[in-house]
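Each protein sequence line maps, in turn, to chains A and B.
Under the numbering used here, the first sequence is numbered contiguously, ending at residue 116.
Under the numbering used here, the second sequence is numbered contiguously, ending at residue 437.
Everything on this sheet refers to the single structure shown next.
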Amino acid sequence: GNSVTQMEGPVTLSEEAFLTINCTYTATGYPSLFWYVQYPGEGLQLLLKATKADDKGSNKGFEATYRKETTSFHLEKGSVQVSDSAVYFCALIPLSNFGNEKLTFGTGTRLTIIP
Amino acid sequence: DTEVTQTPKHLVMGMTNKKSLKCEQHMGHRAMYWYKQKAKKPPELMFVYSYEKLSINESVPSRFSPECPNSSLLNLHLHALQPEDSALYLCASSQVSLGTEYYEQYFGPGTRLTVT
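Take a look at the structure:
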């Protein structure tokens with residue numbers, strides 16, 4: 002079956018630190034990969050996505066590269082801000098599921114940035 | 322307009338009550354979703370509507386009854402809930418994917434439901 006494993010949180014960093022949140026996946030075929038972010042008291046927002054191997058998704062200073070050889074999609078940011086404090090979910094959808102949009106989510110990683 | 326709205330924001334109900342959650346979008350999306358999210362957990366898919374027809378029911382108990390009266394509205398009718406149904410209920414919408422392109426799901430802010 003399909004699954005996503007992401008690093009356990011919580012993660013606490015100081016402002017301007019470098020961020021990495023690890024995500025690995027198991028899926029049949031070639032899934033599309035996503036990072037969603039959930040700010041306190043809000044729904045989920047798509048942060049970035051990649052749909053094929055070696056694609057790099059980027060948004061708001063965050064980046065993630067689709068690595069087929071290591072089945073990974075790690076999230077990185079060079080200099081985090083207090084406003085980045087949120088829960089981050091890695092997710093996938095297999096190509097074969099298009100038309101039935103069932104996202105498979107990781108467990109989420111809570112990130113707290115301290116000034 | 323890329324907004325999905327949900328009402329109410331908070332709801333407290335007893336186990337014998339009947340209530341409804343409402344979701345609305347005006348992005349022309351023809352796929353709409355209900356998710357349930359418990360604290361510190363990822364969202365769990367409950368239902369998917371595609372072109373106003375129920376296409377996925379993830380074995381959700383019958384005390385949850387979805388309805389899609391038109392392409393902009395999605396309701397979730399609640400009856401005889403249990404305390405363990407207390408959670409954040411999220412609505413989302415997207416274009417219907419055809420072929421090989423995935424269309425982003427836009428999420429609403431959710432309804433925080435407490436069952437007493």
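Glycine residues also receive a C-beta, built at the ideal position from the N, C-alpha and C atoms.
Small disclaimer: the values here were computed from a predicted structure and weren't measured.
Residue i versus residue j: straight-line alpha-carbon distance, rounded
i, j, result
"Y410(B)", "D85(A)", "24 Å"
"S4(A)", "N338(B)", "37 Å"
"S376(B)", "P116(A)", "46 Å"
"T437(B)", "S73(A)", "42 Å"
"L394(B)", "Y89(A)", "28 Å"
"S415(B)", "T326(B)", "14 Å"
"T1(A)", "C91(A)", "In the structure as shown, chain A begins at 2 and stops at 116. Residue 1(A) is therefore absent and cannot be evaluated."
"G28(A)", "L76(A)", "It should be pointed out that residue 28(A) corresponds to Ala in this sequence rather than to Gly. For A28(A) and L76(A), the distance between alpha carbons rounds to 19 Å."
"T324(B)", "K361(B)", "This sequence places Glu at residue 324(B); Thr is not what is there. Their backbone Cα atoms lie some 24 Å apart in a straight line."
"F368(B)", "P390(B)", "15 Å"
"P41(A)", "M348(B)", "25 Å"
C-beta contact flag for residue i and residue j at 8 Å
i, j, result
"T113(A)", "T21(A)", "no"
"L49(A)", "S59(A)", "yes"
"Q358(B)", "A408(B)", "yes"
"S418(B)", "Y427(B)", "no"
"Y26(A)", "L93(A)", "yes"
"F63(A)", "K78(A)", "yes"
Neighbourhood of residue i by C-beta distance below 6 Å, restricted to the same chain and skipping five residues each side
i, result
"L343(B)", "Strictly speaking, residue 343(B) in this sequence is Lys, with Leu absent from that position. If we look at K343(B) and ignore the five residues flanking it on each side, its Cβ neighbours are T328 and N396."
"A51(A)", "L34, G58 and Y67"
Cβ shell of residue i (< 7 Å), same chain only, five flanking positions each side left out
i, result
"K340(B)", "L332, M334 and L399"
"A18(A)", "V81"
"F106(A)", "V5, F90 and A92"
Beta-ladder partner(s) of residue i, from DSSP
i, result
"S4(A)", "T27(A)"
"Q327(B)", "C344(B)"
Limits of the beta strand (DSSP E) - the one that residue i falls within
i, result
"A413(B)", "A408 to S415"
"S59(A)", "K57 to N60"
"V12(A)", "V12 to S15"
"L375(B)", "K374 to N378"
"R433(B)", "T432 to V436"
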